[in-house]
Amino acid sequence: MSARVFAIANQKGGTGKTTLSMNFAAGLAKRGRVLVIDADPQGSAGQWSSLAADDRQFPVSVIAIGGNLAREAQRFGQDYDFLVLDCPPTLETEAMSLAMSVADTVLVPVLPSPVDLWASIRLVDAIEQAKMRNRGLTAHIVVNQLEPRSALSHAMQQALEEFDIPALKNGLRRRAIYRNAAIEGVSVYCMGKRGAAAAEEIDEIVKEVL
Ligand SMILES: Nc1ncnc2c1ncn2[C@@H]1O[C@H](COP(=O)(O)OP(=O)(O)O)[C@@H](O)[C@H]1O
Ligand SMILES: [Mg+2]
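Heads up: the sequence shown at position 83 corresponds to 389 in my numbering, and the numbers run straight through without jumps.
This is how it looks when you write it as structure tokens:
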């Protein structure tokens, strides 16, 4: 397999997996061929990409996979430079362990509160276990929905320091443009000037992980 594989995972719903998957994939698309694999049975990534009615097509192919995620990822990995796996919000299904068996990097979006961070502690165990079989696996927290114009709370900073997965320097701010882009079925890169600040922070995340 030639593709670099990113799994976007958190067993909690609503932390920004699909938002990060789609915009991160659009950011990667400037650097190579990207495929998003929607492994969430809710299928939000697939719905998203089918929304764009005008010529601002989502720049990345999205497919839904119900079968063996690892096998399919290996197969598609021949034809793409990057795969982005939008994982289901659960640790109980096989999809999560398969995603972590083929991923190079796991990105874990969390909301900026210690409570939300610690709610993902079981994912840390799952990642540690996956590392025993997949030695090169790396993982990063991506703080999402950062409040504009306010620094991370002291409690959150401390929680991030104690947490076993290091956080990326760059996170995503809470911006209406992320929701608007999703509604229109495009990435923040297609939102013109209004999306520029968001596109910039996604670019920073791409730079930081590549
Ligand atoms: N940085 C952000 N700013 C504003 N809204 C966001 C942001 N990240 C996510 N959202 C919104 O929060 C909701 C949940 O995000 P989503 O990516 O669907 O989470 P998940 O895939 O983990 O369930 C969506 O309505 C999404 O548009
Ligand atoms: Mg989702």
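Backbone N, C-alpha and C fix where the C-beta goes; we use that ideal spot for every residue, glycine too. Since the structure is predicted, the reported quantities are computational estimates derived from the model, not experimental observations.
Residue i beta carbon near ligand 2 (any heavy atom closer than 7 angstroms)
i	result
Lys437	no
Ser350	yes
Gly470	For clarity, residue 470 is Asp in the given sequence; the question names Gly instead. No; taking the cut-off as 7 angstroms, the Cβ of Asp470 has no heavy atom of ligand 2 nearer than that.
Thr346	Checking the displayed sequence, the identity of residue 346 turns out to be Asp instead of Thr. For ligand 2, at least one heavy atom lies less than 7 angstroms from the Cβ of Asp346.
Asp385	no
Close beta carbons around residue i, own chain, < 7 angstroms, minus the five adjacent residues each side
i	result
Arg480	Gln451, Leu452, Glu453 and Pro454
Ser419	Met462
Arg428	Gln317 and Leu397
Leu357	Glu490 and Gly491
Leu404	Asn374, Leu375 and Ala376
Gly401	One detail in the question is off: residue 401 reads as Ala in this sequence, not Gly. Only Ala345, Leu375, Cys393 and Pro394 meet the Cβ criterion.
Gly442	Asp410
Gly501	Ile483, Ala487, Val494 and Tyr495
Asn548	Nothing about residue 548 can be read from this structure; the chain reaches only from 307 to 516.
Ala351	Thr324, Ser327, Met328, Val342, Asp344, Val368 and Asp392
Met307	Gln380, Gly383 and Gln384
Pro347	Pro394
Ser355	Phe364, Val368 and Gly491
Beta-carbon proximity list for residue i, same chain, < 6 angstroms, skipping 5 on both sides
i	result
Leu341	Ser367, Phe382, Tyr386 and Leu389
Gly349	Ala370
Arg339	Tyr386 and Asp387
Arg310	Phe388 and Asp410
Pro365	Ala332 and Ala335
Ala524	Shown here, the chain extends from 307 to 516; a query on residue 524 therefore has no answer.
Lys437	Leu443
Glu378	Ile371
Contact under 8 angstroms by Cβ, residue i with residue j
i	j	result
Ala345	Asp410	no
Ala315	Val412	yes
Ile489	Ile433	no
Ala487	Met497	yes
Thr321	Tyr484	no
Ala376	Ser327	no
His446	Leu478	no
8 angstroms CB neighbourhood of residue i in its chain, flanking five on each side removed
i	result
Phe330	Phe312, Ile314, Val390, Leu413, Ile508, Ile511 and Val512
Arg439	Ser407
Check: residue i C-beta below 7 angstroms from any heavy atom of ligand 1
i	result
Pro395	yes
Gly320	yes
Ala488	yes
Asn450	yes
Arg428	no
Lys323	yes
Asn588	Any property of residue 588 remains undetermined from this structure, which presents the chain solely from 307 to 516.
Tyr495	no
Arg500	no
Whole-Å CB distance - residue i paired with residue j, under 8 angstroms assumed
i	j	result
Pro394	Val448	Wrong, their Cβ atoms sit about 18 angstroms apart, outside the cutoff.
Leu417	Leu466	With a Cβ gap of about 12 angstroms, Leu417 and Leu466 do not count as contacting.
Val515	Ala504	With a Cβ gap of about 17 angstroms, Val515 and Ala504 do not count as contacting.
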